[in-house]
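Data first, discussion second: the structure below is written as C-alpha cells.
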Amino acid sequence: MNSRAFDAMQSAVDIVLTSPHPDNKVAASLFSETTLLAQTNNWPQSILDKIGKNTRIGDSSTTVHAEVNCLLNFPERTDGAEITITDPCCPNCAKSISESGIKTVYIDHKGFMKDFAARRGSEFKNMSLNILAHAGISIYEINRKEKYITAIHKPAQGYTPPETNPIEVIERPDLHSPTIDDLKTLIKNVRVKHPFWGCAFAADKSGKIYSLVASTHLAIGYSEDRAEEADKLTEYKNPLNPEQKYNFILTPLNRLMFGATRHNLHLIDGMIWTSLIPTSRELVNFIGAGYTQIALGTRQVYLKESSAEALETLKVAGLLEIIKVD
Ligand SMILES: [Zn+2]
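If you count the sequence shown from 1, position 196 lands on 278 in the numbering used here, and the numbers rise without skipping.
Structure representation (C-alpha cells):
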C-alpha cells in the first residue's frame, strides 16, 4: 500500500470528466516513485478523422481505454509501477497491466457503484480480478473521502507467477537503424515453438536497438499446467467462439507492445512483425499508440474473423500499411 495512491487517484478523478466519451468516462493514473501520468479513455485523433466515433473496428470499439493510454505513454519503465483507476478494469486492460509488470492496482470505491460496473461486474470478478491476481498484483479499493484503502486481493507471501514463456529482449549493438532486411533476418533466425508469434525492433531513450520476440501465451501466471483454471472461466480452448468477447490469451502484438513499455523501450514503426493477424482491440491500441505500419506473415492467420475485418477497415481508411513478410 502506498499513501501516494490517494493523490494519484485524485489526479485521475480530477480529469475524468474531460473524457470525450459521452457515457463511459474513465480515468487512470500510473505512478512510480518519481513520475505520475493521468489519462482518460479517448478516441485516437487519426481514428476520429478517418473512421469516426461510432463505426466498430472489427469487434472493437474505436476508443482506447484510460489504462492503456497510461501504459503506452508512460515516460519510464512500467515494471514495478502502480496504477489507480476510477472504475473496475476490463479483462483486456487487466492483461495489458499484467504484461507491463504493474505491481499494484487501486480502484476507486465509487467505480463499483456505477451503472457500468453493475453491467460489467461479472467480467471484472471472473476475469479481470483473476488475471491480475495470477500475475501477483495487489488489488485495493480506495475510498478518497473516508481515507481508507481495503485489500481486494493480496498475493500469498513469496508468490512468483509462473512465466513459462517470457518475452525475449536482446540488445543489438550491431544495429543502428534497422531495415526491413534486418527484420527478415530476425524472423528467419528466431526459433520459437509456438505457431503464433511476433518480433520487433525497439529503441531505448539513448537510441540503442533491441530485438523483441514474443509468442502467444496465456496471461502471466496461467502457465500451461494451469490452463485448466482458465478453461473453467472462459473458452480458452475455443478462441473461435464468437460469443466470447474476452479470453485469457495474450497474442503477439499485445505482448510486444506491453513488453516494450515494461522495459521503457519504443517499438520502431515498420519494424514490427507478427505471424498472427492481431485482434481488433490490439489494432485499435496500436493505432492509438501512433503506429502506421505492421508487417504480417503472408499466410492470413487469425483467431477470430473480426481480426481480418479490423485490418481491412484500417487499411481502407489509410490508417495502417501492411507489409507482407515471411
Ligand atoms: Zn479496459
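The beta carbon of each residue, even a glycine, is placed where N, CA and C say it ideally should be.
#1: Does the stretch 241-254 come close enough to the stretch 200-210 that 3 or more CB-CB pairs lie under 8 Å?
#2: Within 10 angstroms of its Cβ, does I331 collect 16 or more other Cβ (buried), or is it exposed?
#3: Mapping the DSSP letters down to three states, classify N329 as helix, strand or coil.
#4: Go ahead and label S101 buried or exposed: buried means 16 or more other beta carbons lie within 10 angstroms of its beta carbon, across all protein chains shown.
#5: Is it true that the CB of N174 sits closer than 8 Å to the CB of N151?
#6: Between which two residues does the beta strand (DSSP E) holding E223 run?
#7: Please say whether K406 and L37 have beta carbons closer to each other than 8 Å?
#8: What ranges does the beta strand (DSSP E) occupy inside the stretch 108-147, keeping only unbroken runs of at least 3 residues that lie completely in it?
#9: Under 8 Å, with one C-beta from each stretch per pair, do the stretch 279-299 and the stretch 246-255 reach the 3-pair mark?
#10: By Cβ distance below 8 Å, which residues in the same chain neighbour G193 in space, the five residues on each side in sequence not counted?
#11: Suppose you measure from the CA of E317 to the CA of Y328; what does that come to, to the nearest Å?
#12: What's the call for H147, buried or exposed, on a 16-neighbour Cβ count within 10 Å?
#13: Which residues bound the alpha helix (DSSP H) around G370?
#14: Is the distance from the Cβ of S388 to the Cβ of D141 below 8 Å?
#15: Cβ of C152 versus every heavy atom of ligand 1: is any distance shorter than 7 Å?
#16: Are there three or more Cβ pairs, one per stretch, closer than 8 Å when the stretch 105-123 is compared with the stretch 353-370?
#17: Considering only C-alpha positions, which residue in the set S182, L130, L214 and N225 is nearest to D89?
#18: For the stretch 265-273 against the stretch 214-224, do three or more pairs of beta-carbon atoms, one drawn from each stretch, fall closer than 8 Å, so that the two count as touching?
#19: Compare the Cα-Cα distances from N106 to each of V98, L112 and F113 and report the closest residue.
#20: Let's test the definition: count the other Cβ atoms within 10 Å of the Cβ of L130 and tell me whether it reaches 16, buried, or not, exposed.
#21: Name the one or two DSSP bridge partners that G280 has.
#22: Less than 7 Å between the CB of H103 and some heavy atom of ligand 1, yes or no?
#23: According to the neighbour-count rule (16 or more other Cβ atoms, all chains shown, within 10 Å of its Cβ), is Y230 buried or exposed?
#24: Please state if the CB of L396 and the CB of I369 are separated by a distance shorter than 8 Å.
#25: Restricting to Cα atoms, I'd like to know which of A176, K185, P237 and K177 is closest to R159.
#26: Would a C-beta distance cut-off of 8 Å place A163 and L214 closer than the cut-off?
#27: Using a Cβ-Cβ cut-off of 7 Å (strictly less than) and excluding sequence neighbours within five positions of R86, which residues of its own chain qualify?
#28: First and last residue of the beta strand (DSSP E) that includes E403?
#29: Please report the straight-line C-alpha distance between N212 and D263, rounded to a whole angstrom.
#30: Tell me, to the nearest whole angstrom, how far the beta carbon of A301 is from that of Y292; I am working on the premise that it is less than 8 Å.
#31: Please enumerate, following chain order, all residues with a beta carbon closer than 5 Å to at least one heavy atom belonging to ligand 1.
#32: For I189 versus E149, is the C-beta spacing smaller than 8 Å?
#33: Please classify M353 as buried or exposed, where buried requires at least 16 other C-beta atoms within 10 Å of its C-beta.
To lay it out plainly:
#1: no
#2: Numbered from 1 along the sequence shown, position 249 holds the residue referred to as residue 331. I331 comes out buried.
#3: Sequence index remark: in the sequence shown, residue 329 carries index 247 (1-based). N329 falls in the coil class under three-state DSSP.
#4: Counting from one through the sequence shown, the residue named residue 101 turns up at place 19. Buried, because 16 or more other Cβ atoms sit within 10 Å of the Cβ of S101.
#5: Position 69 of the sequence shown, counted from the first residue, corresponds to residue 151. Position 92 of the sequence shown, counted from the first residue, corresponds to residue 174. Contact flag unset, no.
#6: One-based indexing of the sequence shown puts residue 223 at position 141. Where E223 is concerned, the enclosing beta strand (DSSP E) stretches over S220 to N225.
#7: The question about residue 37 has no answer here: the residues shown for the chain are numbered 83 through 408.
#8: 109-113 and 118-122
#9: yes
#10: Residue 193 sits at position 111 when you count from the first residue of the sequence shown. Only I167, T168, D169, P170 and A199 meet the Cβ criterion.
#11: Translated into positions along the sequence shown, residue 317 becomes position 235. Translated into positions along the sequence shown, residue 328 becomes position 246. Because E317 carries a pLDDT of 43, less than 50, the predicted location of this residue cannot be relied on, and the following value inherits that uncertainty. Using only the alpha carbons, I get a separation of about 9 Å.
#12: Here residue 147 refers to the residue found at position 65 when the sequence shown is read from its first residue. Counting Cβ neighbours within 10 Å, H147 comes out buried, since at least 16 surround it.
#13: Start at 1 with the first residue of the sequence shown, and residue 370 comes out as number 288. Element bounds for G370: S362 to G370.
#14: Residue numbering aside, residue 388 sits at position 306 when the sequence shown is read from its first letter. Residue numbering aside, residue 141 sits at position 59 when the sequence shown is read from its first letter. Contact flag set, yes.
#15: The residue you call residue 152 lines up with position 70 of the sequence shown. Every heavy atom of ligand 1 is 7 Å or more from the Cβ of C152, so no.
#16: no
#17: For this step, residue 89 is matched to residue 7 along the sequence shown. The shortest C-alpha separation from D89 is found at N225.
#18: no
#19: In the sequence shown, the residue the question calls residue 106 occupies position 24. Out of V98, L112 and F113, V98 has the C-alpha closest to the C-alpha of N106.
#20: For the purposes of this step, residue 130 is taken as the residue at position 48 of the sequence shown. Under this definition L130 is an exposed residue.
#21: Walking along the sequence shown from the start, residue 280 turns up at place 198. DSSP lists A296 and T356 as partners of G280.
#22: Walking along the sequence shown from the start, residue 103 turns up at place 21. Incorrect: H103 has no Cβ contact closer than 7 Å to ligand 1.
#23: Indexing the sequence shown from 1 puts residue 230 at position 148. Exposed, since its Cβ has fewer than 16 Cβ neighbours within 10 Å.
#24: The residue labelled residue 369 in the question sits at position 287 within the sequence shown. The residue labelled residue 396 in the question sits at position 314 within the sequence shown. Yes, they are a contact pair.
#25: The residue labelled residue 159 in the question sits at position 77 within the sequence shown. That would be K185, whose Cα lies nearest to the Cα of R159.
#26: For the purposes of this step, residue 163 is identified with residue 81 of the sequence shown, where counting begins at 1. For the purposes of this step, residue 214 is identified with residue 132 of the sequence shown, where counting begins at 1. No, the pair does not count as a contact, with Cβ atoms beyond the cut-off.
#27: For the purposes of this step, residue 86 is taken as the residue at position 4 of the sequence shown. Same-chain partners within the cutoff: F113.
#28: Within the sequence shown, the letter at position 321 stands for residue 403. It spans E403 to K406 - the beta strand (DSSP E) in which E403 sits, taken as one unbroken run.
#29: Here residue 212 corresponds to residue number 130 of the sequence shown, with the count starting at 1. Here residue 263 corresponds to residue number 181 of the sequence shown, with the count starting at 1. Roughly 41 Å between the two C-alpha positions.
#30: Residue mapping note: residue 301 aligns to position 219 of the sequence shown, counting from 1. Residue mapping note: residue 292 aligns to position 210 of the sequence shown, counting from 1. Not confirmed; about 23 Å, so no contact.
#31: H147, C172 and C175
#32: Along the sequence shown, read from residue 1 onward, the residue named residue 189 stands at position 107. Along the sequence shown, read from residue 1 onward, the residue named residue 149 stands at position 67. No. Outside cutoff.
#33: By one-based count along the sequence shown, residue 353 stands at place 271. By the 10 Å Cβ count, M353 comes out buried.
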